[in-house]
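Asker:
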Amino acid sequence: MFYTLQMEDKNHRFVCIYRGPSHTYKVQRLTESTSYRFRIQACSDAGEGPFSDTHTFSTTKTVPSALKAPRVHQLEGNVCEVTWEAIPPMRGDRVNYVLQVLVGRESEYKQVTHTHTLSSCEDRCIFYYDLISQLSL
Numbered sequence: 002m003f004y005t006l007q008m009e010d011k012n013h014r015f016v017c018i019y020r021g022p023s024h025t026y027k028v029q030r031l032t033e034s035t036s037y038r039f040r041i042q043a044c045s046d047a048g049e050g051p052f053s054d055t056h057t058f059s060t061t062k063t064v065p066s067a068l069k070a071p072r073v074h075q076l077e078g079n080v081c082e083v084t085w086e087a088i089p090p091m092r093g094d095r096v097n098y099v100l101q102v103l104v105g106r107e108s109e110y111k112q113v114t115h116t117h118t119l120s121s122c123e124d125r126c127i128f129y130y131d132l133i134s135q136l137s138l
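Be aware that the sequence shown starts at 2, since it is given in the numbering used here, and climbs by one per residue.
(1) Under 8 Å by Cβ, that's how I've got P65 and I88 pegged, so tell me the actual separation to the nearest angstrom.
(2) Please give me, in chain order, every unbroken run of the beta strand (DSSP E) with length at least 3 that falls completely inside the region 70-100.
(3) What span of residues does the beta strand (DSSP E) with T57 cover, start to end?
(4) Suppose you measure from the CA of E9 to the CA of F52; what does that come to, to the nearest Å?
(5) Does DSSP put H117 in a helix, a strand or coil?
(6) Cutting at 6 Å between CB atoms, please list the residues of its own chain near H115, excluding the five before and the five after it.
(7) Would F39 pass as a contact of T55 if the rule is Cβ separation under 8 Å?
(8) According to DSSP, simplified to helix, strand and coil, what is V102?
(9) In the DSSP assignment, the beta strand (DSSP E) including R20 goes from what residue to what residue?
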């Protein structure tokens with residue numbers, strides 16, 4: 002017993018992407034936010050069976066890659082500058098940056114106020130942070 006797995010191409014024709022005995026096959030090089038159509042057929046020494054109903058599978062959006070650790074430089078008084086390298090835009094999607102801080106001996110990070118959520122930066126993102134006003138988070 003072996004199986005024939007087909008995937009619909011851009012011209013709406015089904016093409017064979019796997020033929021073999023395995024019950025699983027990993028389809029690679031799929032594009033994010035795209036729908037794909039598949040069908041499968043079982044084959045034996047007696048011949049080929051009918052194709053299954055078509056199944057549509059949609060890929061999800063890709064999450065942003067990990068950022069390098071931010072750099073923090075203390076400026077005058079209780080103000081520091083937090084900088085980090087921006088990531089490239091992803092297919093026109095807006096990239097938001099959320100800055101969190103760990104204060105003193107606390108064990109949980111807290112998000113810096115929502116008004117400081119940053120949108121896409123060019124090459125480098127800079128955020129000025131007043132340490133004193135945030136100690137009461």
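Glycine residues also receive a C-beta, built at the ideal position from the N, C-alpha and C atoms.
Answerer: A quick look at the data gives this:
(1) The residue given as residue 65 occupies position 64 in the sequence shown. The residue given as residue 88 occupies position 87 in the sequence shown. Sure, about 6 Å apart at Cβ, within 8 Å.
(2) 72-75, 80-86
(3) Within the sequence shown, residue 57 is the residue found at index 56, counting from 1. Residues 56-59.
(4) Taking the first residue of the sequence shown as 1, we reach residue 9 at position 8. Taking the first residue of the sequence shown as 1, we reach residue 52 at position 51. Distance between the alpha carbons of E9 and F52: 13 Å.
(5) Numbered from 1 along the sequence shown, position 116 holds the residue referred to as residue 117. Because H117 carries a pLDDT of 43, less than 50, the predicted location of this residue cannot be relied on, and the following value inherits that uncertainty. H117 falls in the helix class under three-state DSSP.
(6) Taking the first residue of the sequence shown as position 1, residue 115 is located at position 114. With a pLDDT of 45 at H115, under the threshold of 50, the modelled position of that residue is not reliable, and the figure given next carries that caveat. Same-chain partners within the cutoff: there are none.
(7) The residue given as residue 39 occupies position 38 in the sequence shown. The residue given as residue 55 occupies position 54 in the sequence shown. Yes, these two residues count as a Cβ contact at 8 Å.
(8) As a position in the sequence shown, residue 102 is number 101, starting the count at 1. Strand.
(9) In the sequence shown, counting from the first residue as 1, residue 20 sits at position 19. Run containing R20: 15-21, per the beta strand (DSSP E) assignment.
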